[in-house]
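Visitor: Mapping of the sequence shown onto the numbering used here: position 318 corresponds to residue 1352, and the numbering continues sequentially without gaps.
A single structure is presented below for examination.
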Amino acid sequence: MLLKHTPEKITERKALVINPAKTCQPIGAMYAALGINSCLPHSHGSQGCCSYHRSTLTRHYKEPVMAATSSFTEGSSVFGGQSNLIQAFNNIFTVYEPEVIAVHTTCLSETIGDDVNQIAKKALDDGKIPDGKYIIHCSTPSYVGSHVTGFANMCNGMVNCLSERTGTKNDLLNIIPGYVEPSDMEEIKRIVDALGVKYIMFPDTSGILNGPQTGKFSMYPKGGVTAADLKKTGDSMGTLALGKTASSLAAKTLDTKFKVPCEIVDLPIGLSATDKFIDTLRKIVGTSVPDSITNERGQLVDIITDMQQYFYGKKVAVFGDPDQVIALTSFLVDLDMCPIHIVTGTPDKKFEKTIKELTKDVPHEVNVKAKGDTFLLHQWIKNNPVDLLIGNTYGKYIARDEDIPFLRFGFPIIDRIGHSYFPTVGYKGAMHLLVKIVDLLLTRMDRDAKEESFELVY
Ligand code: SF4
């Protein structure tokens, strides 16, 4: 029993969080920055923060994640980190030659009040930024928000620091894919290409954090949105933002600053959310859905129909990032499964209301909490057991203690592979998810079956 001290009795807690279902803001900011071509993320704070962010991303993607740090000492912690950051710009552009440096702050630099906008402006005014090179930045103190809001803030930093409006509209659609895997970004591009839509997707970590083994180290792998394309986003015909928490901030800034209208939809995870994504895309650009995509939808519906009896009525606990959990809950309801315990660690005012609405026909009491933790989730499970647990790697302790089939989904997954290579968005991604869910449920049935009811065929 790894979590033997988790009591069944639930006590009201206000200030204390135990085993949070989230991680720190700069990790999301660093992940978003890696989705820019030839960009070096820079952590404005101590070396320890930067090491933690890099190691979490490296463990999840099994790829070396490059980033720089302002390396705060006791002196900079007291007097501010301006000189460290300006020195860092000089060193990084000279030694590592990125096109873009993406600076995010940390708890320490925010607490002492460093103004990165002013520091970047000073560096530019003093001629410390070479021609054709860019600094983008965002504020990511980790005592608020989560890795998802950090991602949102860095996407917003891309718009604030790079987007331009020339006055002449282009025929491109901005797509903000949300906090999803590189494989998901690849799949979103495949779907958008299939509909014949011209677009700029930012950020885009496909090819960067799921690239092939070439035998050679590349500081800046091919892939990612270019700074030149990011500049054009202010002239685009529209923006489609996927996932409200991760993508709506940048989409709304493009709308208010550059009059680029935006549509915000859920992440296209599962049947209904993918339908909505494709329908919105189709309407924005006035195109029709190709047979290849309709065919994929039909295949997904076929799998659901074939395996429906194994999904029906199964109780599920889900935890993770709000955009992913909302879309996933909707998918579980489509499958006639019963999501009954649902937690996100990210603060999100509308999360609980949205989940309650999605699960209003579930024939059980549904527990839902934003800014929650996996300690509470475990207590809920003890009081009302489930047939399946879905969440990031940290769920394995609950799954082991309560003997529940466990689907790894979300961020971080540090004890398995595949998430960076196989998508879970779109119809194909939903098929992939379904196969994993069915496999877990039937493997459990096989394990628990008496000899006389041990089936060869399902
Ligand atoms: S929580 Fe704050 S201090 Fe800790 S690693 Fe994240 S940014 Fe650094």
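We treat Cβ as the ideally placed atom computed from N, Cα and C, and that holds for glycine.
Quick check on Ala1284: does DSSP put it in helix, strand or coil?
Guide: Helix.
Visitor: How is Cys1058 classed by DSSP in three states: helix, strand or coil?
Guide: Correct three-state label for Cys1058: coil.
Visitor: Nearest CA to the CA of Asp1218: which residue from Ile1432, Pro1237 and Lys1203?
Guide: Nearest of Ile1432, Pro1237 and Lys1203 to Asp1218, Cα basis: Pro1237.
Visitor: What did DSSP end up calling Ser1110 once you bin it into helix, strand or coil?
Guide: Three-state DSSP puts Ser1110 in a helix.
Visitor: Answer yes or no: the CB of Leu1315 versus the heavy atoms of the ligand SF4, is any distance below 7 Å?
Guide: Leu1315 Cβ: outside cutoff for every heavy atom of the ligand SF4.
Visitor: Tell me which residues share the same chain as Pro1216 and place their Cβ nearer than 6 Å to its Cβ, disregarding the 5 neighbours each side in the sequence.
Guide: Once the five neighbours on either side are set aside, the close Cβ partners of Pro1216 are Thr1239, Ser1240, Leu1243, Asn1244 and Ser1454.
Visitor: Which one of Leu1068, Thr1388, Lys1048 and Gln1342 has the shortest CA to CA distance from Thr1260?
Guide: Closest option to Thr1260, Cα to Cα, is Leu1068.
Visitor: Between which residues of its own chain and Leu1366 is the CB-CB distance below 7 Å, once the five residues before and five after are set aside?
Guide: Closer than 7 Å at the Cβ level, and outside the excluded window around Leu1366, lie Val1350 and Pro1373.
Visitor: Residues in the same chain with beta-carbon distance under 6 Å from Glu1297, minus the five sequence neighbours each way, listed in chain order, please.
Guide: Cβ within range, chain order: Leu1274 and Thr1314.
Visitor: Which residue or residues does DSSP assign as beta-bridge partners of Glu1297?
Guide: DSSP, once it has assigned bridges, lists Leu1274 as partnering Glu1297.
Visitor: Answer with buried or exposed for Phe1443, where buried requires no fewer than 16 other C-beta atoms within 10 angstroms of its C-beta.
Guide: Burial call: buried.
Visitor: Look at the alpha carbon of Thr1477 and the alpha carbon of Val1420, and state the distance between them as a whole number of angstroms.
Guide: Thr1477 and Val1420: Cα-Cα distance of roughly 16 Å.
Visitor: On the DSSP bridge list, what partners appear for Ser1234?
Guide: It should be pointed out that residue 1234 corresponds to Ile in this sequence rather than to Ser. Paired residues: Asn1208.
Visitor: If you check the beta carbons only, do Val1377 and Leu1301 fall under 8 Å apart?
Guide: Contact flag unset, no.
Visitor: In three-state DSSP terms, what is Val1137?
Guide: Here Val1137 sits in strand by DSSP.
Visitor: Flag Pro1060 as yes when its Cβ comes closer than 7 Å to any non-hydrogen atom of the ligand SF4, and as no otherwise.
Guide: Yes; taking the cut-off as 7 Å, the Cβ of Pro1060 has a heavy atom of the ligand SF4 nearer than that.
Visitor: Considering only residues of the same chain and omitting the five flanking positions on each side of Ser1081, which have a CB-CB separation below 6 Å?
Guide: Just to set this straight, residue 1081 is Gln in the shown sequence, not Ser. For Gln1081, where only same-chain residues beyond five positions count, the Cβ hits under 6 Å are Thr1103 and Ser1105.
Visitor: So is the beta-carbon of Gly1079 under 7 Å away from any non-hydrogen atom of the ligand SF4?
Guide: Yes, the Cβ of Gly1079 comes within 7 Å of a heavy atom of the ligand SF4.
Visitor: Alpha carbon to alpha carbon, how far is Leu1536 from Ile1209?
Guide: Nothing can be reported for residue 1536: it is not among the residues displayed for the chain, which extend from 1035 to 1492.
Visitor: Going by C-alpha distance, which of Pro1439, Glu1220 and Gly1191 is nearest Pro1075?
Guide: That would be Gly1191, whose Cα lies nearest to the Cα of Pro1075.
Visitor: Under 6 Å Cβ to Cβ from Thr1308, same chain only, skipping five residues before and after it: list those, please.
Guide: Closer than 6 Å at the Cβ level, and outside the excluded window around Thr1308, lie Pro1302, Gly1460 and Tyr1461.
Visitor: Am I right that Leu1475 and Leu1422 are in contact with their C-beta atoms under 8 Å? What's the rounded C-beta distance?
Guide: Indeed they touch by this definition, with Cβ atoms about 7 Å apart.
Visitor: Out of Pro1246, Leu1119 and Phe1311, point me to the one whose CA is closest to Val1500's CA.
Guide: For residue 1500 there is no data in the structure shown, the boundaries of the chain being 1035 and 1492.
Visitor: Would you mind reading off the limits of the beta strand (DSSP E) that contains His1094?
Guide: No beta strand (DSSP E) holds His1094; the alpha helix (DSSP H) holding it covers Gln1081 to Tyr1095.
Visitor: Closer than 7 Å to a non-hydrogen atom of the ligand SF4 - does that hold for the CB of Tyr1086?
Guide: The answer is yes for Tyr1086.
Visitor: Say the cut is 7 Å; is the CB of Leu1494 nearer than that to a heavy atom of the ligand SF4?
Guide: Given that the chain is displayed from residue 1035 to residue 1492, the structure contains no residue 1494 and the question cannot be resolved.
Visitor: Write down the C-beta distance between Gln1059 and Pro1175 rounded to the nearest angstrom, noting that I regard them as a contact closer than 8 Å.
Guide: Gln1059 to Pro1175, Cβ: 7 Å. Contact.
Visitor: Name the DSSP beta bridge partners of Asp1407, please?
Guide: Asp1407 is bridged to Pro1054.
Visitor: Quick one: what's Cys1372 bridged to in DSSP?
Guide: Partner(s): Lys1349.
Visitor: Return the chain-ordered ranges of every alpha helix (DSSP H) run that is complete within the stretch 1301-1371 and spans a minimum of 4 residues.
Guide: Whole alpha helix (DSSP H) segments, 4+ residues: 1305-1319, 1325-1345 and 1356-1368.
Visitor: Give the DSSP-derived three-state secondary structure of Lys1075 in the structure shown.
Guide: The sequence shown places Pro at residue 1075, rather than the Lys named in the question. Here Pro1075 sits in strand by DSSP.
Visitor: Give, in chain order, every unbroken run of the beta strand (DSSP E) that is at least 3 residues long and sits entirely within the stretch 1119-1188.
Guide: With a minimum length of 3 residues, the continuous beta strand (DSSP E) runs that stay inside the stretch 1119-1188 are 1134-1139 and 1168-1172.
Visitor: If you draw a straight line from the alpha carbon of Leu1305 to that of Gly1115, how long is it in whole angstroms?
Guide: Each residue's Cα considered, the two are about 48 Å apart.
Visitor: Using DSSP's beta-bridge definition, name the partner residues of Val1259.
Guide: In the DSSP output, where bridge partners are listed per residue, Val1259 has Ile1070.
Visitor: Going by Cα to Cα distance, which pick from Lys1256, Thr1128 and Asn1151 is closest to Phe1139?
Guide: Residue identity differs from the one stated: residue 1139 is Thr in this sequence, not Phe. When each option's Cα is compared against that of Thr1139, the closest is Asn1151.
Visitor: Just tell me which of Ile1318, Lys1384 and Gly1425 has its CA closest to the CA of Ile1447.
Guide: Selected option, being the one with the closest Cα: Gly1425.
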